Every structure is written in C-alpha cells, then in structure tokens.
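Read the structure below first, then the notes.
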Amino acid sequence: MHPGYALQDAARAISGGGRRAEEDPMLHLSWIAAMATPKPAVEPDPETVTPGFLGFAIVAVLVIAVILLVWDMQRRIRRTRYRAEVDAELDAEQQAAAAVRSSDTDDEFVDADDDAGFREGPDAPPRT
51 MHPGYALQDA
61 ARAISGGGRR
71 AEEDPMLHLS
81 WIAAMATPKP
91 AVEPDPETVT
101 PGFLGFAIVA
111 VLVIAVILLV
121 WDMQRRIRRT
131 RYRAEVDAEL
141 DAEQQAAAAV
151 RSSDTDDEFV
161 DADDDAGFRE
171 GPDAPPRT
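Using the working numbering, read the sequence shown as starting at 51 and increasing by one per residue.
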C-alpha cells in the first residue's frame, strides 16, 4: 500500500468517516496532523552554535540606539515642561498687566468725574 493512502485513511478515521474533503474542510487539517514531523539527520553541537561577532554587533547597536532614544526623549520632555512653565509665567504676567490696565481705566473715569466737580450720592446735583 502506498504511504499516501495510509495517511488518507488515517485522516478519514480522524475526521469521522469516509466523507470527502469538499464536504468536510477539517479533513485537510486532520491529514496534516497525521503526517509525521521529519527530524534532522544530524543535530548541531550546542557548543559550536553561537551568535558570533555579528550577533554581538547587532545587539550592541540596538542597545546604543535604545540609550540614545531614551536620552532624546528625556531631553524633549524636560524642554516641554520648561516651555509650559515659561508659558504659565507669561500668561500670569499678561493677566496682571491687563488687571492693572483695567483698574487704571476705571481710575481715570473716576478721576475725570472728580476733576469735573461731580459728586456721588443722593445729594449730588444731576449730571447733564
């Protein structure tokens, strides 16, 4: 008997009978599962199989790249934090200057009224 027929028979037995592959898509998967996994004829010696200089060089380059990326990221975060602090200080200064200007404007109107001889209160003469 041909080995392929034995595998097909095993696949039929696993899949549950003599159904055809068109009827049961699992038949293909069971046929693959029934196949034997080939083993290499010669196993390499674990002492002689090493990454070598090329493996060391690749790992060293990756480590250096990660260190540089972390360094750059910290610098950018520090710069962003500093800019946010400076922006907050500038906004506070602008708000303080706007508050002074608005209080100066109110004082000018009050001072102008006082200079014109107008009085406030119930006994003040009507304004024209």
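Cβ coordinates follow ideal geometry from the N, Cα and C atoms, glycine included.
Note that the structure is a prediction, hence the values are computed from the model and not measured.
- Within the same chain, no Cβ atom closer than 8 angstroms to the Cβ of Q124 is found once the five residues on either side in sequence are excluded.
- In its own chain, leaving out the 5 sequence neighbours on each side, no residue places its CB closer than 7 angstroms to the CB of E135.
- Within the model, the alpha-carbon separation for W121 versus A146 is close to 38 angstroms.
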